[in-house]
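Here is the structure we will look at.
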Amino acid sequence: MEEVHIFCPATIANVSCGFDVLGLALDSVGDTMIVRKTEEPGIKISKITGQDLPLTTEKNVAGVAGLALLEKANYKGGFEIEIHKKIKPGSGIGSSAASSAGAVAGMNMLLGNPFTLSELVTFAMQGEKLASNVAHADNVAPALFGGFTLVRSYEPLDVIPIPTPTALYATVIHPQIEIKTADSRKILKNTFSLTQGIKQWGNVGGLVAGLFTNDYELIGRSLEDHIIEPIRSILIPEFANVTQAAKKAGALGAGISGSGPSIFALSEGEQIAKKVADAMRKIYSSTGIDFDIHVSKIATKGVRTIA
Ligand code: HSE
Numbered sequence: 005m006e007e008v009h010i011f012c013p014a015t016i017a018n019v020s021c022g023f024d025v026l027g028l029a030l031d032s033v034g035d036t037m038i039v040r041k042t043e044e045p046g047i048k049i050s051k052i053t054g055q056d057l058p059l060t061t062e063k064n065v066a067g068v069a070g071l072a073l074l075e076k077a078n079y080k081g082g083f084e085i086e087i088h089k090k091i092k093p094g095s096g097i098g099s100s101a102a103s104s105a106g107a108v109a110g111m112n113m114l115l116g117n118p119f120t121l122s123e124l125v126t127f128a129m130q131g132e133k134l135a136s137n138v139a140h141a142d143n144v145a146p147a148l149f150g151g152f153t154l155v156r157s158y159e160p161l162d163v164i165p166i167p168t169p170t171a172l173y174a175t176v177i178h179p180q181i182e183i184k185t186a187d188s189r190k191i192l193k194n195t196f197s198l199t200q201g202i203k204q205w206g207n208v209g210g211l212v213a214g215l216f217t218n219d220y221e222l223i224g225r226s227l228e229d230h231i232i233e234p235i236r237s238i239l240i241p242e243f244a245n246v247t248q249a250a251k252k253a254g255a256l257g258a259g260i261s262g263s264g265p266s267i268f269a270l271s272e273g274e275q276i277a278k279k280v281a282d283a284m285r286k287i288y289s290s291t292g293i294d295f296d297i298h299v300s301k302i303a304t305k306g307v308r309t310i311a
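Whatever position you read off the sequence shown (first residue = 1), add 4 for the numbering used here.
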């Protein structure tokens with residue numbers, strides 16, 4: 005195989021209670037990429053459409069993630085990468101993660117899969133480090149594994165794939181304002197109270213238990229964030245109104261997608277997820293801010309080949 009065409013899913017990191025540890029992949033929102041083997045060693049980003057992003061390998065998240073893989077690979081040639089962006093940078097749905105994960109997954113396929121998914125996560129994290137100054141894995145892990153993932157530990161890296169109830173759908177509204185992850189991390193505090201911690205880890209456990217047992221109500225009750233959201237939500241216009249309206253329309257719960265500005269809601273079934281989209285649309289239509297809305301099933305697979 006000399007070339008792969010792949011779909012690289014958008015992801016929702018944190019999923020309210022799991023800052024930097026929980027994430028999920030979307031089934032029908034994402035970028036496409038073409039990765040090709042070349043005789044010339046190294047990585048060349050040959051084309052980017054959809055967004056104005058750097059073509060220089062060392063300045064591009066896909067390039068940097070790819071170089072991290074190449075360093076460990078027993079391969080003398082190189083790769084050429086085309087990136088077709090649908091996910092806007094700074095949207096909060098894992099734009100940099102899709103490119104980083106896509107690069108390393110595509111290269112791994114072309115090399116005959118010498119690396120495990122967890123090893124690919126460590127390479128893709130280098131792309132995240134370039135994008136946000138922090139090598140967080142809560143977007144790249146679900147982008148590579150699919151479904152929900154839990155980063156139980158960073159040192160050593162321990163990614164736990166979590167089963168996804170089949171009727172779970174995400175609705176995401178993306179207001180067209182850019183919030184850089186690096187900036188929205190700067191406003192966070194380094195400490196929190198024991199009372200906040202108790203609520204937070206209760207919810208992380210509840211969410212994981214709900215996903216394992218298909219308990220939609222428990223999933224919904226656990227979508228609370230007592231530490232990050234109260235600080236970050238001030239950056240997102242109409243945040244409280246949107247999450248309230250989503251729940252009123254039947255969503256199990258709602259919160260900030262990654263570092264924002266996107267807001268996500270999870271629902272049982274596509275019909276409710278679409279009603280939630282209508283409720284979100286109604287609120288944002290009166291703000292004068294442009295926005296996109298996505299309704300998607302949770303992806304069962306991570307980066308995947310397409311025809
Ligand atoms: N966990 C990261 C953050 C995700 O919230 O900063 C960024 O998409």
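Glycine included, C-beta positions come from ideal geometry on N, C-alpha and C.
Here the structure is a predicted model, which is why all the values come from computation and not from measurement.
Heavy atom of ligand 1 within 6 angstroms of residue i beta-carbon
| i | result |
| --- | --- |
| G257 | no |
| R189 | yes |
| N207 | no |
| T185 | yes |
| N194 | no |
| H178 | no |
| D24 | yes |
| S263 | yes |
| I117 | The sequence shown places Asn at residue 117, not Ile. N117: no, Cβ never under 6 angstroms from ligand 1. |
| H140 | yes |
| A17 | yes |
Residue i in three-state terms, based on DSSP
| i | result |
| --- | --- |
| V25 | coil |
| L59 | coil |
| V65 | helix |
| A253 | coil |
| I91 | coil |
| M37 | strand |
| I16 | strand |
Classification of residue i by the beta-carbon crowding that lies within 10 angstroms, buried from 16 upward
| i | result |
| --- | --- |
| I310 | exposed |
| K89 | buried |
| M37 | buried |
| Q275 | exposed |
CB contact flag (residue i, residue j, <7 angstroms)
| i | j | result |
| --- | --- | --- |
| L28 | F152 | yes |
| G96 | S266 | yes |
| S226 | G210 | yes |
| H178 | D31 | no |
| A186 | S261 | no |
| I183 | G292 | no |
| A66 | S103 | yes |
| A283 | A250 | yes |
| T170 | A281 | no |
| E84 | T53 | no |
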